[in-house]
Every structure is written in structure tokens, then in C-alpha cells.
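Report on one structure; see the data block that follows.
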Amino acid sequence: MQRYLFDFIKNLKLRWKMVILVLPLVIIPIFLVGGIIGYISTKQAYLGITQTSKDDLQHMASFTVDLLNSHYQQFQVYKQDKEKTFHEELKTVSELAYNVVKSQHNLQKSGRTDVAGAMREARNALLKVNVGKTGYIYAMNSRGELKVHVAQEGANVSESRDETGRYFIKEMIEKAHRAKPGEVLYIVYPWKNAALGDKSLRKKVVAYRYFKEWDWIIAAGGYLEETYEDSAFERRSFEALKEKIKSKKVGKTGYIYAMDTSGNFMIHPTGEGRNFLNAVDFNGQHFIKEMCERKNGWIRYPWKNKGEEAPRMKIVRYEYFEPWNWIVAVGSYEEEFYQEANAIKGRILESMVVLTILVSVLSVFMVLLASRVMTEPISRMIEVIRQVKQGRLDETMPVESEDELGELANAFNRMTRIIKHNKELEANLAQQGKMASLGVLSSGVAHEINNPLGVILGYAAYIEKKLPPEDPNYKFIHEIKRESKRCKKIVQDLLSYARTPQPVLEETDINDLLEQIVDFAANHTDMHHVSVKKSFDRSLPPIMVDGDQLRQVAINLILNAGAAMQKGGELVVSTEPGGEEWVSLKFRDNGAGISPEHMEKIFEPFFTTKVKGTGLGLAITKQIVEQHHGKIGIESEIGAGTTVEVRLPLKREEYY
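Residue numbers are given in numbering that gives the first Met the number 0: position 401 of the sequence shown equals residue 400, and the series is strictly consecutive.
Encoded structure:
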């Protein structure tokens, strides 16, 4: 049975094989994926709703803190205004007291009374003045001895400190001596007066002036809170704010509450005014203490209310309100988050069943379509293979996708390119063989040709000296001499190309070397119409090169640039870093440029666009650069100029 089934499938067309084999592989996963997606969707619904609920808790906590801060800021502005007014009142009282002392001093100076009498009258006058409910005027000398005081007259208070440990009396004395004439000074410090029954710190403000003639520091002081007119209004506003916060519901049973960092509940629906620092959850953990220590964050704990059979998990977001040292908390039970999620779960399951059926039907259609899409490119590939088989190597398979068929088409195209390239390599190898023969030939011919050329040049020079310039034969002798030199140069170029020696490496400053070459080449007769500029990066390190060979490279490139600018132009020779491994030498001219059809052949031996060129200059240049393990490249645009870049390695292994 199994064998017949395989035979049946094997004899089918590729399209129907795909339908029979792929369709079950599509339908079965759809049902599995549908079930998994339903499960994941339900989980995500729970997570999403939980996150939304946590965002609500976060928002309500921040909103409550904003309410408290708004209330705090509102009364802070009121208190700041009162404090400013109180400062002005104290200034007036201190100046009044100063004038009383000054008038008594004037009486003493006029002789109407003595010093003791004047001080006594001033003391009596100052003690009669009250500042607010409990404030008063007092005077002391530079040693801190109280000369006028309602309770401690005669005592030395220079060592007195406020509730923060600051020596405020010493500070007053020090500032009084540095004060400008007529300047009223202020000092504010926390103070708790047990004699007045103070149970908490109050802010005391003192305005004072220095009366130098008697060495008196005259001060008027009072408590800032005694200037607040309607403290009952603030209390009523705060009570209204508390009721507003307590009335806010979080979910069905959650609520907002606030406590100080000692665990005292300042706002709570049922526990206000009580301390819950040591309260524990169902597992015995001190969750309130943890909140007081951390001050800001999230906490999750099991909690069981009276009458409940089992604990429920509670989640609380809490934030710190620094002005009052309060912790604002918003809490709710997690189970209340999931009621909507349970309803969503049912809707998701219903939707997934319907969607799975629809997707299965669609999948059948898509598999049929896919089988067609897959087989048609294969048919086209077979047609291309037949054409390549007939020798048409330029035929390529169309790459219409990035899948396996696209990869196959790319691989086949690469294969045809490799075959074509191999054929070109065969032609190149033949050319290389010719070049090797040329090297052998040039070595032998050079000796045979140079000797007769030397004789010809010698006799031509001899005859040239014997003939006057106006002689008709003088021009012919000059041509013989010039063309003989040209033949000698061609032979020398052939030898240079065939037997370029290995470079002798020496540590060389490439900038100094190029500067010498540019200065020499700029004075060449072929460069008089060209402006040569240098742009060298002096931070380049020395590199290992053969200076003589690089001199030949640079001169070749400079003279080529000069030949490309027959009507004049500018040549810029520059050096710069070529990344972390290279040094870049650039020769940029604004000459005629090189046509695109010549760019591919520019480095081939014997290729030249010059009338009298040998075509070996750039070939030798490339050979030298490559023997230095470097690279040479040309960018050119017709009418815009040419840039030749030579890249030499900073570090390399020894040549061998």
C-alpha cells in the first residue's frame, strides 16, 4: 500500500505533488497555531488589563500627590506674603527702638541726664513694646550680655544655640559689627520656648540694628505663625481635601490613604490617627514598615479582611510627598482587575474558532497558488539552461526573488560568469605568456640595440658639433639624435617593465620625499604651464618604502597630469591617513579627464593615448605600488579632471 502511494505521488506533476504534500502541513499547524494564539491572547489580555489597572493606580497616586502639593503651595504663597509683611513690621519696630535709644543718647550728650539714666529710660521704653502675641524687644552688647530683656536681663546668651545647633547670638553679633550705618539685619531660626508651652518648633524672625555708641544690638523678634490671620480656614480647607481624597474609590473596594514615615495614618477611611508601622500581612511581612523605608514604589501582599474566608492579593502604588514627609498610597485587589479579562477570554476563544476555519479555507487556495508560483520559475530556468548548453554564455536566469529559487538562479548566473571568466583567463594567460617572452626578448634585445644606438648617438653628436646651425644637414642630424634617444627610452621602459627590481625598504618620511619630488617635477619643462600645490598631513608616521621607486611613481603621475592639462591648470598633491592601516597619496588635476572606455585599459602595458608615448609608464607605476603591497586607483570625469590615489600600508611583513 505504501509503495503504491509513493509511486502515485512520484508520477504526479510537480504542482500536484506540492498540493498533496504541503496542504496537510499547512492545515494542521493552523489549528495548532489558532489554539496557541487563543491561549496567548488570553494571557496578554490579563497582562494588558493588569498593566492598565496599574497605570490607573499610578495616575491616582500622582494625582493625589498633586492635590496635596496644590494645597501646600496655596498656603505657602499666603505664608510667604505674611512673612514678607512681618519682616517689614519688625524692621519698623527695630528702627523705632533704635530711635528711642538714640534720643536718650542725645539727651545724655546734651547734659540733661547721665549715661545710666539714659540707658534706664531707654530700657523702660523698650520693655513696654510687644511684637505680636509673644514677641518683644531686647538689647545686648557685643559680649552677649542682655541689657534689655523681659525675662533674662543681665544674663550672657553668647553661647545660645537654636534647635539646629547654630550659634545664632554669635552670628548676630558678628553681622552687627560688619553692618553698614543705618542697615537693618535679619535672622530666622527655629525655636521652641518651653516657658510659653511650645510643644513643637516655631519659626522665629528677628530684625536688629547696632547702636555703636552704647555697644548695643537692638533687636525686635516674634514668631511668624502668630501673624497668620485665618488658621481655621486652612484647617477647614485641609479637612475638605482629606474628605475628597477618602471619597475616591479605586475599583470596587480599593481606596487612597496617606501616612507619615513613622507609620501614622494621616488620611484613611477607617484608621486615621492610628499607627500601623508594625502591621503585617497574611504571610507575616511588615508591609507598612517596608513602604516607610522605601518611600516610593510598588508593593504586593496578601490581605484578609474580617469576614473573608481566604486572603486576597492586594497591590499598592505609593509615592513620597516630601514637604510633609508623607507617603501617599493607592491600593486595590488584583481579582478586581480580572473581571473584564474573563469576559474578553470568552470572546477571544469564539473569534479564534471562526478565524481558524476561515484561514484554513484560505490556505487551501494559497497552496494551489503557491504551487503555480513555484513551478513556473523552474520552467523558465530549464529554458535558460538549454540555451547556455548551446554555448550562449550571455544568457542569465532572471532573479525575481530572494528565496531558494532566487539563490539557485544567482548560483547558476555566477557559474556562467565563472565559465566566461575562465575563457577570458585563458586569453589573459596567453597574453601573459607573450609578456614573459617579451621580458626575455627585451633583455636580449636591449644589449644588442643599446650598443648601436650609443654609436649612432655618439657620431650624431660629433657631426652636430661640426656643422653650423644654418647648414641644411644640421636639422637631419638633430632628428637622428632625438629619435635615437627615443628608441633608447623605449628599450629602457621595456627593461623596467620586464625586470622591475624588488623594493629596498627604508623608513621614510613620505611628506619629505613627496616635497622633494614635487619641487623637482614642478621645474620640469612639461610642467611650466601647470600650478602645482601641496597639501600634506604632517601627522603621518614614517613608513617602510623604497624611496627611488616611489620617486619614479610620483614623477610618472605628475608628468601624466601635466600632459592632461595642455592649456594650463592646477595639480594638487596631498597626503592623508587612509584609515588605521594605510597612508593615502593623491594626485588631483583639473585637466581633460579620461574617457570611460579607456579606464579599463589604463594600466595595461603599451596602452597609451599620447602620440609619442610608450604606454609603459602607468603599467610600471602599478607594478611598483603592488610590490609595496599597496593599491592604486583612478577616478576621472571628462572635462572635470582626474584623481589618482596610491595607498601604501603603514605596517607589513617583510618582502620575500
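Glycine included, every Cβ here is placed at the ideal spot set by N, Cα and C.
As the structure is a computational prediction, the values presented were derived from the model and not from experiment.
DSSP state of residue i mapped onto helix, strand, coil
{"i": "Leu-647", "result": "strand"}
{"i": "Arg-165", "result": "coil"}
{"i": "Met-543", "result": "strand"}
{"i": "Glu-399", "result": "coil"}
{"i": "Glu-158", "result": "coil"}
{"i": "Tyr-654", "result": "Reliability of the predicted coordinates at Tyr-654 is poor, the pLDDT of 40 falling under 50, and no value is obtained from them."}
{"i": "Arg-273", "result": "coil"}
{"i": "Trp-213", "result": "coil"}
{"i": "Arg-122", "result": "helix"}
{"i": "Ile-601", "result": "coil"}
{"i": "Arg-316", "result": "strand"}
{"i": "Ala-328", "result": "strand"}
{"i": "Val-610", "result": "Here the model assigns Val-610 a pLDDT of 48, short of 50, so the residue's position is not dependable and the matter cannot be decided."}
{"i": "Glu-228", "result": "Model confidence at Glu-228 stands at a pLDDT of 49, short of 50, so the residue's coordinates are unreliable; what they give is reported in the following sentence. Reduced to three states, the DSSP call for Glu-228 is coil."}
{"i": "Glu-173", "result": "helix"}
{"i": "Lys-132", "result": "coil"}
{"i": "Ala-591", "result": "coil"}
{"i": "Thr-112", "result": "coil"}
{"i": "Leu-392", "result": "coil"}
{"i": "Glu-333", "result": "helix"}
{"i": "Gly-453", "result": "helix"}
{"i": "Glu-152", "result": "coil"}
{"i": "Ala-218", "result": "strand"}
{"i": "Pro-686", "result": "Only positions 0 to 655 of the chain appear in the structure, and residue 686 is not among them; the question remains open."}
{"i": "Glu-469", "result": "coil"}
Pair within 8 Å by beta-carbon distance, residue i and residue j
{"i": "Ile-657", "j": "Val-279", "result": "Only positions 0 to 655 of the chain appear in the structure, and residue 657 is not among them; the question remains open."}
{"i": "Lys-191", "j": "Tyr-222", "result": "no"}
{"i": "Tyr-135", "j": "Leu-145", "result": "no"}
{"i": "Asn-583", "j": "Glu-644", "result": "Note that residue 583 corresponds to Ser in the displayed sequence, not to Asn. Contact flag set, yes."}
{"i": "Phe-586", "j": "Leu-617", "result": "no"}
{"i": "Tyr-97", "j": "Phe-210", "result": "yes"}
{"i": "Pro-502", "j": "Gln-622", "result": "no"}
{"i": "Glu-225", "j": "Pro-189", "result": "no"}
{"i": "Thr-507", "j": "Val-552", "result": "no"}
{"i": "Ser-52", "j": "Ser-331", "result": "yes"}
{"i": "Glu-238", "j": "His-104", "result": "no"}
{"i": "Arg-142", "j": "Ser-157", "result": "yes"}
{"i": "Ile-29", "j": "Ser-362", "result": "yes"}
{"i": "Ala-520", "j": "Asn-589", "result": "no"}
{"i": "Glu-514", "j": "Lys-533", "result": "yes"}
Where the beta strand (DSSP E) through residue i begins and ends
{"i": "Asp-259", "result": "253 to 259"}
{"i": "Asp-588", "result": "581 to 588"}
{"i": "Pro-576", "result": "568 to 576"}
{"i": "Lys-532", "result": "529 to 534"}
{"i": "Val-147", "result": "145 to 147"}
{"i": "Phe-264", "result": "264 to 266"}
{"i": "Gly-632", "result": "630 to 636"}
{"i": "Val-279", "result": "Taken as a continuous stretch (DSSP letters only), Val-279 belongs to no beta strand (DSSP E), as it is neither H nor E."}
{"i": "Arg-142", "result": "Element bounds for Arg-142: n/a, residue is neither H nor E."}
{"i": "Lys-296", "result": "The sequence shown places Gly at residue 296, not Lys. Taken as a continuous stretch (DSSP letters only), the beta strand (DSSP E) holding Gly-296 covers 296 to 302."}
{"i": "Val-187", "result": "184 to 190"}
Continuous alpha helix (DSSP H) stretch holding residue i: start and end
{"i": "Arg-208", "result": "No alpha helix (DSSP H) contains Arg-208, which is instead part of the beta strand (DSSP E) from 201 to 210."}
{"i": "Pro-595", "result": "595 to 598"}
{"i": "Thr-620", "result": "616 to 626"}
{"i": "Leu-513", "result": "509 to 521"}
{"i": "Glu-289", "result": "286 to 293"}
Contact belief for residue i with residue j at Cβ below 8 Å, rounded distance in angstroms
{"i": "Val-183", "j": "Ser-93", "result": "6 Å"}
{"i": "Ile-516", "j": "Arg-550", "result": "5 Å"}
{"i": "Ser-635", "j": "Gly-592", "result": "5 Å"}
{"i": "Gln-386", "j": "Glu-394", "result": "5 Å"}
{"i": "Met-380", "j": "Met-396", "result": "5 Å"}
{"i": "Val-99", "j": "Ala-60", "result": "That pair is no contact at about 57 Å."}
{"i": "Lys-149", "j": "Ala-219", "result": "Reading the sequence as shown, one finds Val at residue 149 and not Lys. With a Cβ gap of about 12 Å, Val-149 and Ala-219 do not count as contacting."}
{"i": "Val-147", "j": "Arg-122", "result": "5 Å"}
{"i": "Gly-272", "j": "Phe-264", "result": "7 Å"}
{"i": "Leu-647", "j": "Ile-542", "result": "6 Å"}
{"i": "Ile-455", "j": "Ile-479", "result": "7 Å"}
heavy atom of the ligand ZN below 7 Å from residue i C-beta
{"i": "Arg-311", "result": "The model depicted lacks the ligand ZN and carries no ligand whatsoever."}
Self-check item: Cβ pair count under 8 Å reaching 3, the stretch 561 to 572 against the stretch 525 to 542
Solution: With the cut-off at 8 Å, the stretch 561 to 572 and the stretch 525 to 542 touch.
Exercise. Check whether the stretch 592 to 605 touches the stretch 568 to 575, taking contact to mean three or more Cβ pairs, one atom from each stretch, closer than 8 Å.
Key: By the Cβ criterion, the stretch 592 to 605 is not in contact with the stretch 568 to 575, since fewer than three pairs of Cβ atoms, one from each stretch, lie closer than 8 Å.
Practice problem: Answer yes if the stretch 95 to 109 comes into contact with the stretch 246 to 260, meaning at least three C-beta pairs across the two stretches below 8 Å, and no otherwise. | Solution: Fewer than three Cβ pairs drawn from the stretch 246 to 260 and the stretch 95 to 109 lie within less than 8 Å of each other, which leaves the two stretches out of contact.
Quiz item: How about the stretch 320 to 333 and the stretch 58 to 75: do they share at least three Cβ pairs that are nearer than 8 Å?
Solution: The answer is yes - the stretch 58 to 75 touches the stretch 320 to 333, with three or more Cβ pairs under 8 Å.
Practice problem: Assess, as a yes-or-no matter, whether the stretch 252 to 262 is touched by the stretch 168 to 180 under the definition of 3 or more beta carbon pairs within less than 8 Å. | Solution: With the cut-off at 8 Å, the stretch 168 to 180 and the stretch 252 to 262 do not touch.
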